[in-house]
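Residue numbers (the numbering used here): 2 to 179.
Okay, structure first, notes after.
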């Protein structure tokens, strides 16, 4: 596993559905977008596109979204392909992407890259998993607050207060020694 790899994953649950999203992140995203779409989409604009293989056979039709780094979730170039949700179609797309030099992402690797690229702190990265696995509305709301940084800000505020108290105590002790 290396941060210099371009990674892919199905971002939607596996199985049959109306839409499936395949996410790609890493240094080769622009090259891959040009190969599979025939062009690099305009940043942050939905483009209806053909998703084609190396022989120019159309694998699927759908929406492509390009997010250039560092202004993306991972801090890297990211491409999302929103296509039809049939397992065979998704598998054909993933298999073709693998031939273009990508590798399947490990679980949580997109969030890990966001953390490593200072797009979020560790508490926020962990909150993503908590939000996905929430079993109640209260748990989902608490996870969302952590994802938004509420918990991190409180911890930071407490840490600052403790540091200031410690500095105050050290300063007072040093004044008494004089």
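We put the CB at the ideal spot given by N, CA and C, even for glycine.
Name the residue from 60, 27 and 66 whose alpha carbon lies nearest to the alpha carbon of residue 46. Closest in C-alpha terms to residue 46, from the list 60, 27 and 66, comes 66.
Reference residue 149, options 104, 122 and 62, closest by Cα: Closest by C-alpha distance to residue 149, out of 104, 122 and 62, is 122.
Name the DSSP bridge partner or partners of residue 62? Checking the DSSP bridge columns, you'll see residue 62 partnered with 51.
Same chain, Cβ closer than 6 Å to residue 42, five either side skipped, listed in chain order: These residues qualify, in order along the chain: 48, 65 and 67.
Consult DSSP for residue 56 and reduce its assignment to one of helix, strand or coil. Coil, per DSSP.
On the DSSP bridge list, what partners appear for residue 8? Beta-bridge annotation (DSSP): residue 8 is paired with 26 and 104.
Over the uninterrupted alpha helix (DSSP H) stretch that includes residue 82, give me the two end residues. Counting along the chain, residue 82 falls outside any alpha helix (DSSP H), though it belongs to the beta strand (DSSP E) covering 79 to 86.
Can you give the Cα-Cα distance for residue 113 and residue 94, rounded to whole angstroms? Taking the straight line from one Cα to the other gives about 24 Å.
Tell me which residue opens and which closes the alpha helix (DSSP H) that residue 114 is part of. Counting along the chain, residue 114 sits inside the alpha helix (DSSP H) bounded by residues 110 to 117.
Quick one: is the Cβ of residue 96 within less than 7 Å of any heavy atom of the ligand GTP? No copy of the ligand GTP appears in this structure; indeed no ligand is present at all.
In three-state DSSP terms, what is residue 18? In this structure, residue 18 counts as strand in the three-state DSSP scheme.
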